[in-house]
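In UniProt numbering, the protein residues as written are 1 to 243.
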């Protein structure tokens, strides 16, 4: 029996306002979460090089390198979940944040308890993804067209053995398509599978996520060989899958 105490959930708060960092860290500590702070991109990189984090809370409106740039950088290097904070309520900001790889967003001003609920939801979803892949033999791949997806390493590989990085949402979306080939999938199902939540859902977000995945797969939507749009219904993955 393993009596080793479980390590607390460790978060990194990236915000240029020291009062916000301190307030969030103090509040999250009451829920058993240990939070470090970073004021911008440089200090974020230093912290991430020194410690492992379970989740990053990232402010969109940072001076210098903004949150979208840093979120894209995090997603290219790691699978650490990201929740974005934004003072802007416009739909475009939310969509762009999701498109570059954020797992969720919270609009300022927000209730602290809502942020905690979002953290728990994103962490549950992230850990469920790990458990889902765990029974898969090491190096297990599925093939479709000229592509291979290693479901254990979560790597998309092209015919020249080049690894194409995927965000968490892109990986879940591609896996959903692979698991349901040649079947029309409506937007609600894709949102539930790829985003894993039903809060603040809007169709445009899944359309942009599909567009992002198409770019990674080099799939021209005007002459798609992989993901075909079914007008008024959703999308269909039209290629055969070999597991």
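Glycine residues also receive a C-beta, built at the ideal position from the N, C-alpha and C atoms.
Computed from a predicted structure; not experimentally measured.
- Query: residue 61 to residue 214, Cα distance in whole Å?
  - Reply: 28 Å
- Message: I'd like to know whether the C-beta atoms of residue 71 and residue 102 end up nearer to each other than 8 Å.
- Response: yes
- Note down the Cα distance separating residue 140 from residue 155, rounded to an integer number of angstroms. 11 Å
- Query: Do you know offhand how far residue 199's Cα is from residue 242's?
  - Reply: In this prediction, residue 199 scores a pLDDT of 35, lower than 50, which makes its location untrustworthy; the coordinate-derived value is nonetheless stated afterwards. Taking the straight line from one Cα to the other gives about 34 Å.
- Going by other Cβ atoms of all chains shown within 10 Å of its Cβ, with 16 needed for buried, is residue 177 buried or exposed? buried
- Query: In three-state terms, what does DSSP make of residue 158?
  - Reply: coil
- Close beta carbons around residue 54, own chain, < 6 Å, minus the five adjacent residues each side: 9 and 10
- Message: Can you check whether the C-beta of residue 50 is within less than 8 Å of a C-beta belonging to chain C?
- Response: Looking at the structure shown, chain C is missing, and only one protein chain is on hand.
- Message: Bridge partners for residue 222 per DSSP, in chain order?
- Response: The partner list for residue 222 (beta bridge, DSSP) is empty, contrary to what the question assumes.
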